[in-house]
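Worksheet for the structure shown next.
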Amino acid sequence: MRISFLLHSFDNFGGVPRATSTLATALAAHHEVEIVSVFRTADRPSFPPAQGVAVRYLVDRRKGARDALDGKASRVMVAEDDWADQYSRGVDERILAFLAGCAAHVVIATRPSLTAYFMAHGRQGYGRVVIDHEGSTIPSQALRDRTLELYREIDGLVCLTEADANNYRGLLGDQAPPVVAIGNVVPPPARHAPVRGLPLVIAAGRLVPRKGFATLISAFAQVAPLHPQWRLRIFGRGPDRQQLQDQVHALGLADAVRLMGVVPDLSGEWDKAAFAVSAALREPFGLTLVEAMHHGLPVVAADAPFGPGEIVVPGRNGLLVPVGDEDAMAQAMRYLIENPAERDQLSTGAYESAPLYGSERIASRYDAFLRQVAGSAPQGVAAVTGTDADVLVGGDGSIEVRVVLHPGAEPPALRVTLRKAEAPVARLAPVGTVVDGATGKPLGVYVIPAQPPFLAEGRYDIDVELPDGQCRPLPVTSVHTGGLMVRQVSGEGPAYWPLPYRTSDGHLSLFVRNRPAHAEVHSVGVEQAGWVVRGRLIAPPGVNLTGLRLVAAPRKSCAAIAFESPVALGHQGSFEALLALADVMDAGSGEHDDWDLWLDCGPGLPRIRLGRFFDDILERKQIDVFPVQRWHHPRHGTMRGKVFFTPGNELSFTTSPDTGA
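Basically the working numbering = 1-based index in the sequence shown + 2.
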């Protein structure tokens, strides 16, 4: 069959583009598949499908794009839809023109309101299908009524759970189209490299009220005092980020809860966790729950309508708690933390549950349903998989790269090039080849050493060397950096820390730290007297640390002066220093001032910059966020100050007049 997916924006970093990409890839094994996105907002989609899946856009909304359209309000789009203001008559024309020229056997809309364009265009010989990612519990009565009106005119409706499908059958009555429940495709990870034993809980989703992250943070506030070594990481972005960050600070959880932002692939993150958690108030499916189970993670989930209740089986692969009940959520998290044997048993159940949503199983169910609504059609050509890779960091810091090879092809060399430089600094030959046990594909294996002096400090791009001598960036599927969380660093230096990561356009890069000495920050405590900085010094043998001092050096762009604080040294290079508010007040200019923090080892020795490098976080400025301190100065009036990590993960602080903003 020829299958076209129609969605709002394929470039968004969200569940619908992701689910569409994985389903399109699965169907492309036996059908001709394209993804049609109404809006283009980026140069590259967040979740690219396999190379055999075509992607095209109807309206270019990228910055600087000049896509002239009639700006009058849409005549077609459902007015009650949250995104209705993005649709105009010009957008209507583009969508209707696509439908008029569409040669597909089936067009699948991924948002209920897009079905209005099916009705506006009329019959064209293709099956009109909707995958309902919103669920039947639509809060707006007006939008619910309009959705039901549209659904009575389509040829097929796919719900993500049986409960939702039954609900729609009842709401639509005798006029219901064929309704089927098929979950999202959640393929197993290309590589699974768990780092068990880490006291880490992970949640993921868009930072919006319906995902319940405020409830989750409040629940974790009950857990943290009882288990201070445990941490919660929340992945995602959205309009509630600042509100959630304020909540973290208000509850004193700055060291325990981190808002991690968006990562292109969560596979390497799940491998670090002990279990996953979801506090969503409404969840039509629960894609991240299944993804976590593929990594053997038990799940604590609010029993929201309707996904979690069909995915999570209490006592087998996780625990369910009432929606919005932070006490029950806290109790469930404590239970898994305090009962590792039960956690291990649920982990086994999670592994066994996840294959229910594998690519072949879900694609087969779609195949049968789509043929029912569209009739028989000739099969298409299977997609050809291009070169890509996955990455694993070992506990010693060494980086293993596995590159997918075309059958019969010799593994190419990889080039390591310093960012913005022309010539490569290293050329990696394969150390061998293996066969992927899951796919049967040949893989070339490469190793990037963990020990200095392999690479100088900087950012590096990893390229594939082509037969003609040219290079192209190496696409990477997943990066597993859990080994960095257990890696031990010698106290004698140098501080060498290579961190692989996936760039925003899906390629493999490397950020290397290589310094003869380094002051690794472990924590920053916010107290009434100021900021207490604790960490560990990595320094060559023989360095005299008797007179060690913390130095606050002003940036060249400000009028502040430098000042110093004593440093208390402890066991194995540990240190503690107070950045006193009184010193900050006296050194500041009364305007906006920035200081960088260093350790001074004495005359004739270079200063050592404070930073936090020794973990798996690439850029922590928006992740490790500290509360603002306010104080009154007799000369400058009310001032505000804040410690922060720079984009390079080095520790600094800033002060400015308090304007009340």
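Just so it is clear, CB atoms sit at the ideal spot from N, CA and C, and this is done for glycine as well.
Pro500 and His408 have their alpha carbons spaced roughly 29 Å apart. Excluding sequence positions up to five before and after Phe565, its CB lies within less than 6 Å of the CB of Ala554, Asp585, Ala589, all in the same chain and listed in chain order.
Listed as beta-bridge partners of Met641 by DSSP are Trp633, Pro659. By the Cβ criterion, the region 613-633 is in contact with the region 649-661, since at least three pairs of Cβ atoms, one from each stretch, lie closer than 8 Å. Within the same chain, Asp273, Lys274, Gly484, Gly485, Met487, Val488 come within 7 Å of Val197 by CB-CB distance, once the 5 residues on both sides are set aside. Secondary structure note for Ala497: its beta strand (DSSP E) is the uninterrupted segment 497-504. For Ala531, no alpha helix (DSSP H) segment is defined, and its DSSP state is neither H nor E.
Here the C-alpha atom of Leu8 lies approximately 46 Å from the C-alpha atom of Gly662. Under the three-state reduction of DSSP output, Glu151 falls in the helix class. The region 26-37 and the region 354-374 touch, with no fewer than 3 CB-CB distances between them shorter than 8 Å. Trp85 and Gln472 have their C-alpha atoms some 44 Å from each other.
Straight across, the Cα-Cα distance linking Pro414 with Ala452 is about 22 Å. Around the beta carbon of Leu228, fewer than 16 other beta carbons sit within 10 angstroms, so the residue counts as exposed. Between the region 129-139 and the region 157-165 there are three or more inter-stretch CB-CB distances shorter than 8 Å, so the stretches are counted as touching.
Less than 8 Å divides the Cβ of Val514 from the Cβ of Leu457. The Cβ atoms of Ile339 and Val403 do not sit closer than 8 Å to each other.
A contact is defined here as three or more CB-CB pairs under 8 Å, and the region 35-42 fails this definition with respect to the region 71-81. A residue is called buried when at least 16 other Cβ atoms come within 10 angstroms of its Cβ; Thr24 meets this threshold and is buried. In this structure, Val181 and Ala167 form a Cβ contact; the two beta carbons are roughly 5 Å apart against a cut-off of 8 Å.
According to DSSP, Ile204 shares a beta bridge with Arg235, Ala278. Listed in chain order, the alpha helix (DSSP H) elements of length 4 or more contained wholly in the region 295-348 are 309-313, 328-340. Looking at the DSSP output, Cys603 shares a beta bridge with no other residue. The three-state secondary structure of Met121, taken from DSSP, is helix.
The three-state reading of DSSP puts Trp272 in helix, counting H, G and I together.
Annotated three-state conformation of Arg96 is helix, per DSSP. Rounded to the nearest angstrom, the Cβ distance from Val395 to Tyr462 is 15 Å, too far for a contact under 8 Å. Secondary-structure assignment with DSSP links Thr419 through a beta bridge to Asp463. With fewer than three CB-CB distances shorter than 8 Å, the region 570-578 does not count as touching the region 632-646.
Listed in chain order, the alpha helix (DSSP H) elements of length 4 or more contained wholly in the region 164-219 are 164-174. CA-to-CA, the gap between Pro475 and Pro636 works out to about 57 Å.
One Cα belongs to Lys558, the other to Gly572, and the distance between them is close to 33 Å. Each residue's CA atom was taken as its position, placing Phe616 and Pro310 some 36 Å apart. Secondary structure remark: continuous alpha helix (DSSP H) runs of at least 4 residues inside the region 13-73, in chain order: 17-29. Taking a cut-off of 8 Å for Cβ pairs, the region 203-222 and the region 243-255 touch, as three or more such pairs fall below it.
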